[in-house]
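With numbering that gives the first Met the number 0 applied, the sequence shown covers 0 to 65. C-beta atoms are modelled at their ideal positions from N, C-alpha and C, and glycine is treated no differently. If you're wondering where the values come from, they're calculated on a predicted model, not measured in any experiment. A quick write-up on the structure given underneath.
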Amino acid sequence: MTVTKEMTIGKIITIDQEIIRILLNYGMHCIGCPSAQAESLEEACMVHGLEVDPLVEEINAYLSSR
């Protein structure tokens with residue numbers, strides 16, 4: 000499966016729990032927050048002042064390596 004910036008945080012972390020570690024490394028410490036679960040990855044990056052494309056690339060690189 001490939002992650003896109005339109006996918007919700009909740010959906011992304013159901014793909015593989017190790018993705019949580021990647022999100023935490025980017026400073027997204029609100030993974031357990033109910034509202035964060037329904038946010039798209041792009042929306043979460045915007046809130047945290049992050050570029051979404053590098054994060055999507057890192058998550059997909061991790062998924063393709065497992």
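For I14, the enclosing alpha helix (DSSP H) has its first and last residue at 8 to 14. Listed in chain order, the non-local C-beta contacts of A35 below 7 Å within the same chain comprise I8, C29, A43, local neighbours out to five positions each way being set aside. Taking C-beta separations shorter than 7 Å and ignoring five residues to either side along the sequence, the partners of E41 in its chain run K4, E5, V51, following chain order. Spatial neighbours of L23 in its own chain (CB-CB distance under 8 Å, excluding positions within 5 residues in sequence) are listed in chain order as I30. For A60, the closest alpha carbon among the candidates E17, K10, S39 is that of E17.
Looking at the backbone, the Cα of G26 and that of H47 are separated by about 8 Å.
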